[in-house]
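Student:
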Amino acid sequence: VIIVPIWKKSDEKAGVLSAATHVEEALKSAGVKVKVDSSEQKTPGWKFNFWEMK
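Set out below in structure tokens:
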């Protein structure tokens with residue numbers, strides 16, 4: 001599972017990343033292989049395409 005956090009305003013970033021990390025930890029504890037793609041160099045659309053093609 002890949003989590004792609006998306007925020008609209010810079011003041012939302014910390015909350016969104018915190019929520020993504022919380023979900024990641026919950027999934028890992030359930031035995032799910034998971035990664036948060038929090039890189040800021042690419043757009044969410046690019047990330048979706050990249051991870052779907054992988």
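In UniProt numbering, the protein residues as written are 1 to 54.
Even glycine gets a Cβ: it sits at the ideal position worked out from N, Cα and C.
To the nearest whole angstrom, what separates the beta carbons of residue 48 and residue 1, a pair I think is in contact under 8 Å?
Tutor: Locating residue 48 in the sequence shown gives position 48, where the first residue counts as 1. Locating residue 1 in the sequence shown gives position 1, where the first residue counts as 1. 13 Å between Cβ atoms; not a contact.
Student: Strictly by DSSP, which residues pair up with residue 36?
Tutor: Start at 1 with the first residue of the sequence shown, and residue 36 comes out as number 36. Answer by DSSP bridge pairing, in chain order: 3.
Student: Ignore the nearest five residues each way along the sequence and tell me which others in residue 36's own chain have a CB closer than 7 Å to its CB.
Tutor: For the purposes of this step, residue 36 is taken as the residue at position 36 of the sequence shown. Taken in chain order, the residues that qualify are 3, 5, 20, 21, 24.
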